[in-house]
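Numbering (our numbering), first residue to last: 38 to 401.
For each residue, glycine too, the CB sits at the ideal point set by N, CA and C.
Have a look at the structure below before the remarks.
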Ligand code: NAD
Ligand code: GLY
């Protein structure tokens, strides 16, 4: 088992990465009071809830099982968590446990941030995407019909338990979606890791535990470093959003859940790479290596045919990075080096360029 740390002063916490962790990590060490509420969904609970509950015999443990899917990541379904907490008379010392992928993690974290103005929570991410990204760093929240993740809070967990064994039951499509965020770290921050991914993509797709362990560890290290420097995204943390502004537009535009988050990020990263190339910041070879790696992970490298460039722009204007109506994008200046860019620096040419890139990167 590997242990990493997210260094945030009194809000610091460990990330455990390894096999068989539902048995090896003692949950009780991270629970403060006597009440526990496990939040999971209809897919993950039948697989893993009993294992988690078997560790919690000494606590007053309840569970709430939400419907499964991105389309349920909203305020209505969030309320089911509050209903369960209140019906079970949970007090301010209750600990929430998020058992599931990023949807469950984001919703449980937000419920923990709000319930009685803040209670403890533990992240037990069970998808690759949630193990390498969403469970780390404290971004929590829900979607709004007009914008992805628009309602939320920064709220850190007590610990993160990334049990690689739980990835054995993950569908292939979800594994590929998780690889999008893994590739992101190579692109934004670590050219050596990018090259490692080129060499080991077959092992990752075959779920080789050593390869998965290294990819999760390196991804979490990258994320923990960035989060420690900029917890609430005043600056550098925004680079974690490479491809996300395009991707969020695809998710919202196609209807939440139609494209998986990781798939939308995959196609969105291709758009960011293409724009960086057109600005002269990436070479043709770097562009090709990036697109080839994204495709090799089983991810789409083109956006949906049914969305026009104008629809993208409308949705991209609801992004959290927007300032005074101007879209900001994360772009690349060489592999492993991201910049926060304001391509709309006043000129109508720049918006035309973004639209042109979107059209080029759409399936014909
Ligand atoms: P998800 O939570 O919808 O999980 C994907 C699917 O896999 C679901 O059907 C789920 O029930 C199922 N599943 C989960 N674990 C399983 C397992 N071990 N075996 C079998 N099936 C399993 O999606 P996700 O990709 O984990 O997360 C995407 C969400 O994360 C999005 O809402 C995105 O906005 C959010 N996100 C948040 C952050 C953040 O920093 N908070 C970062 C990235 C993404
Ligand atoms: N996934 C982006 C972030 O955590 O900041």
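Shown here, residue 237 sits in a helix according to DSSP, grouped into three states. Contact between the region 216 to 231 and the region 187 to 197 is absent, with fewer than three C-beta pairs closer than 8 Å. Residue burial is scored here from C-beta neighbours: residue 360 has fewer than 16 other C-beta atoms within 10 angstroms and is therefore classed as exposed. Taken from the Cβ of residue 143, every heavy atom of the ligand GLY lies 8 Å or farther away. Distance from the C-beta of residue 224 to the nearest heavy atom of the ligand GLY is not below 8 Å. In the structure shown, residue 192 adopts coil according to DSSP, grouped into three states. For residue 285, the shortest separation between its Cβ and any heavy atom of the ligand GLY does not lie below 8 Å. Sorting 164, 142 and 352 by C-alpha distance to the C-alpha of residue 158 places 142 at the top. Taking the C-beta atoms as reference points, residue 309 is found nearer than 9 Å to residue 279. By the neighbour-count criterion, in which a residue is buried when 16 or more other Cβ atoms sit within 10 angstroms of its Cβ, residue 176 is buried. Here residue 333 has 238 as same chain residues with Cβ atoms under 7 Å from its own Cβ, once five neighbours each way along the sequence are excluded. Within the region 271 to 311, the complete alpha helix (DSSP H) segments of 4 residues or longer fall at 281 to 291, listed in chain order.
Counting only residues of its own chain and dropping the five nearest sequence neighbours on each side, residue 314 has a CB closer than 6 Å to the CB of 324. Residues of the same chain with a CB within less than 8 Å of the CB of residue 339, apart from the 5 flanking positions on each side, are 304, 307, 398, 399 and 400 in chain order. Residue ranges of uninterrupted alpha helix (DSSP H) with 4 or more members, entirely inside the region 93 to 127 and ordered along the chain, are 112 to 124.
Taking 9 Å as the cut-off, the Cβ atoms of residue 350 and residue 367 do not count as close. In the three-state reduction of the DSSP assignment, residue 54 falls in the strand class. Residue 146 is positioned such that its CB atom lies no closer than 9 Å to that of residue 78.
Our two residues, residue 240 and residue 322, have alpha carbons roughly 24 Å apart in a direct line.
A residue is called buried when at least 16 other Cβ atoms come within 10 angstroms of its Cβ; residue 205 does not meet this threshold and is exposed. Here the distance from the Cβ of residue 170 to the nearest heavy atom of the ligand GLY is below 8 Å. Measuring C-alpha to C-alpha distances from residue 172 to each of 43, 94, 286 and 393 identifies 43 as the nearest.
For residue 78, the distance from the CB to the nearest heavy atom of the ligand NAD is below 8 Å. Measuring C-alpha to C-alpha distances from residue 270 to each of 87, 124 and 191 identifies 191 as the nearest.
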